[in-house]
Amino acid sequence: MIFTEDQEALRNAARRFSRERLLPAYQQRERDGCIEMGLLAEMGQLGMLGVDVPIEYGGMGADSLTTGLIVEELAYGDFNIAAVVLVMSLCGAIIQRNASPELAAHWLARIPKGEAILALSITEPKCGSDAGALSLRARRDGDVYVLNGEKTSTTYCDIADAFIVFARTGSPEDGPLGVSAFLVPSSTPGITTTLFNDLGSRCSGRGSVFFDEVRVPVAHRLGDENKGFSQVMAGFDFSRALIALQCLGAAQASLDEAWAYAKEREAFGGPIARFQGVSFPLVEGETQIAAARQLSYHTLALRDAGRPHTAEAAMVKWMAPKTSFDVIHQCALTLGHYGWSMDAPHQQRMRDVMGLEIGDGTAGIMKMVIARARAGRAATEERGAAAG
Numbered sequence: 085m086i087f088t089e090d091q092e093a094l095r096n097a098a099r100r101f102s103r104e105r106l107l108p109a110y111q112q113r114e115r116d117g118c119i120e121m122g123l124l125a126e127m128g129q130l131g132m133l134g135v136d137v138p139i140e141y142g143g144m145g146a147d148s149l150t151t152g153l154i155v156e157e158l159a160y161g162d163f164n165i166a167a168v169v170l171v172m173s174l175c176g177a178i179i180q181r182n183a184s185p186e187l188a189a190h191w192l193a194r195i196p197k198g199e200a201i202l203a204l205s206i207t208e209p210k211c212g213s214d215a216g217a218l219s220l221r222a223r224r225d226g227d228v229y230v231l232n233g234e235k236t237s238t239t240y241c242d243i244a245d246a247f248i249v250f251a252r253t254g255s256p257e258d259g260p261l262g263v264s265a266f267l268v269p270s271s272t273p274g275i276t277t278t279l280f281n282d283l284g285s286r287c288s289g290r291g292s293v294f295f296d297e298v299r300v301p302v303a304h305r306l307g308d309e310n311k312g313f314s315q316v317m318a319g320f321d322f323s324r325a326l327i328a329l330q331c332l333g334a335a336q337a338s339l340d341e342a343w344a345y346a347k348e349r350e351a352f353g354g355p356i357a358r359f360q361g362v363s364f365p366l367v368e369g370e371t372q373i374a375a376a377r378q379l380s381y382h383t384l385a386l387r388d389a390g391r392p393h394t395a396e397a398a399m400v401k402w403m404a405p406k407t408s409f410d411v412i413h414q415c416a417l418t419l420g421h422y423g424w425s426m427d428a429p430h431q432q433r434m435r436d437v438m439g440l441e442i443g444d445g446t447a448g449i450m451k452m453v454i455a456r457a458r459a460g461r462a463a464t465e466e467r468g469a470a471a472g
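Counting from 85, one number per residue, gives the positions in the sequence shown under our numbering.
Laid out in structure tokens, this is it:
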């Protein structure tokens, strides 16, 4: 794919920042279990947060493909910092399309500066991929809604300034037709959180959010009542393509490191890169990553052109995390006993990438989405939707 001069310039800037500022401390951030707010502020000053937020709110107004290029480059240096950019783009797009002008102005202006972290609260203890079966209730009480229930698997639950919460405003029998979305500041009374002990991406703070008689103004509803599912969930085609590029960026970092090692490591009288048993698996990884990357770019280009891209987004969402995991695994094997060390970054990249084989829709759910797009009702039962 050929990029514009502006896209190339932004990608190169993100590439330099990723390699110089993010990569050296990638593993340390995981050990510390936190994301430095000062780093996010620095990224905001460089225009790497909220790149697709409209210019009038302080963003760059960049298109989807440009956002994907930046996410991919940042993930090369730090998978979890790239996730912040990804989630802020998704949340920003949801707010821009569905919030009142006043609410949108307040929150969108803070995203590009790194002054606000937003979190998505969809998954529940008994409801993951079948997001149409949500049970957290939002009861209308005059000019407020009262929220009661639990959300789980919420990223940034301990540092978020606000949550985009999907709640049931209709009856359980309504399924996805009875769901509404709300923007809920984390400082609202009645909200508590707990953190999980995760396998990877620990600095992202995944956990549960509890809502106990949490009162939210009607003005904080995103979209129409009982229409939150159809109006807001459309944005997840965007995030799925970004997730693919996030995973591919991490895999590319491991590939580059494995090639460098193969050229320097000597055995049997020369560099091990001369052995096909070493180089061919890396070549296969390069090929697979390149193919997934191009499909991801194509998906975002379709979005920018206003064309349907649900199936393509689902394709890259199931393929890229799995492919990236397998490629990073091979890179770790290439390093031999050095790859079996916690000091090497490959083990962390594998753990981080694996999380996105689950989050935002498993491979099985993504394949159902694709089958539904190709075969309609003949492929799968028309109930609920895939949310992850």
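Glycine included, C-beta positions come from ideal geometry on N, C-alpha and C.
Burial state of residue i (16 or more Cβ within 10 Å)
i: R433; result: buried
i: V263; result: buried
i: M73; result: Nothing can be reported for residue 73: it is not among the residues displayed for the chain, which extend from 85 to 472.
i: A469; result: Confidence in A469 is poor, its pLDDT being 47 and thus under 50, which makes the residue's placement unreliable; the coordinate value appears in the next sentence. Result: buried.
i: F352; result: exposed
i: G472; result: Its pLDDT being 44, under 50, G472 is placed unreliably in this model, and the coordinates cannot settle the point.
i: P429; result: buried
i: G176; result: buried
i: P209; result: exposed
i: L261; result: exposed
i: R467; result: Confidence in R467 is poor, its pLDDT being 49 and thus under 50, which makes the residue's placement too unreliable to answer from.
i: S173; result: buried
i: K347; result: exposed
i: T88; result: exposed
i: R391; result: exposed
i: G28; result: Here the chain comprises residues numbered 85 to 472, so residue 28 is not present and cannot be evaluated.
i: I164; result: It is Asn, not Ile, that sits at residue 164 in the sequence shown. Buried, since its Cβ has 16 or more Cβ neighbours within 10 Å.
i: L237; result: It should be pointed out that residue 237 corresponds to Ser in this sequence rather than to Leu. Flag for S237 reads buried.
i: G284; result: buried
i: T150; result: buried
i: G460; result: exposed
i: S271; result: exposed
i: P273; result: exposed
Limits of the alpha helix (DSSP H) - the one that residue i falls within
i: A244; result: Element bounds for A244: n/a, residue is neither H nor E.
i: V135; result: Unbroken run through V135: none, as it is neither H nor E.
i: F266; result: Segment 263-269 is the beta strand (DSSP E) holding F266; no alpha helix (DSSP H) there.
i: S323; result: 320-348
i: G151; result: Sequence inspection shows Thr at residue 151; the Gly mentioned does not correspond to that position. Run containing T151: 148-161, per the alpha helix (DSSP H) assignment.
i: L106; result: Neither: L106 is in no alpha helix (DSSP H) and is coded neither H nor E.
i: I275; result: Taken as a continuous stretch (DSSP letters only), I275 belongs to no alpha helix (DSSP H), being part of the beta strand (DSSP E) at 275-279.
i: K451; result: 447-459
i: H190; result: 185-192
i: Y141; result: First-last for Y141: undefined, no H or E at that position.
i: R99; result: 89-101
i: M317; result: Taken as a continuous stretch (DSSP letters only), M317 belongs to no alpha helix (DSSP H), as it is neither H nor E.
i: R115; result: 110-116
i: E126; result: 121-129
Start-to-end residues for the beta strand (DSSP E) that takes in residue i
i: E297; result: 291-301
i: N232; result: 228-238
i: A222; result: 221-225
i: I373; result: From DSSP, I373 is part of no beta strand (DSSP E) but of the alpha helix (DSSP H) over 360-388.
i: L202; result: 202-205
beta-carbon residue i near the ligand NAP non-hydrogen atom, thresh 8 Å
i: S237; result: Of ligands this structure carries none, so the ligand NAP is not represented either.
Beta-carbon proximity of residue i to residue j, cut-off 9 Å
i: M277; j: C241; result: Residue 277 is actually Thr in this sequence, not Met. In this structure, C241 lies closer than 9 Å to T277 by Cβ.
i: A398; j: K451; result: yes
i: A251; j: L267; result: no
i: L292; j: E234; result: First, the amino acid is wrong: residue 292 is Ser here, not Leu. Their beta carbons are under 9 Å apart, which means S292 touches E234 by this criterion.
i: P196; j: G152; result: no
i: L106; j: D162; result: yes
i: A463; j: M403; result: no
i: N232; j: F313; result: no
i: L202; j: I248; result: yes
i: A457; j: R387; result: no
i: E495; j: L379; result: With the chain covering 85 to 472 only, the question about residue 495 has no answer from this structure.
i: A146; j: L94; result: yes
i: R290; j: T239; result: yes
i: I418; j: P365; result: The question names Ile, yet the displayed sequence has Thr at residue 418. Their beta carbons are under 9 Å apart, which means T418 touches P365 by this criterion.
i: E186; j: A303; result: yes
i: V171; j: L204; result: yes
i: G198; j: E140; result: no
i: N310; j: D258; result: yes
i: D46; j: H393; result: This structure leaves residue 46 out entirely; the chain is present only between 85 and 472.
ask   = Below 8 Å, can you find three or more Cβ-Cβ pairs linking the stretch 420-428 to the stretch 381-391?
value = no
inquiry  = Ignoring anything shorter than 3 residues, give me the beta strand (DSSP E) runs that lie fully in the stretch 413-442, in order along the chain.
reply    = none
inquiry  = Three Cβ pairs or more, each shorter than 8 Å: is that satisfied between the stretch 141-161 and the stretch 328-346?
reply    = yes
inquiry  = Does the stretch 397-412 come into contact with the stretch 114-129, if we say contact requires no fewer than three beta-carbon pairs (one atom in each stretch) closer than 8 Å?
reply    = no
message = Within 8 Å, do at least three Cβ pairs link the stretch 124-132 to the stretch 96-115?
response = yes
Inter-stretch contact (C-beta, 8 Å, three-pair minimum) for the stretch 357-365 and the stretch 434-446 = no
request  = Indicate whether the contact test is met: 3 or more Cβ pairs, each with one atom in the stretch 211-223 and one in the stretch 334-348, closer than 8 Å.
outcome  = no
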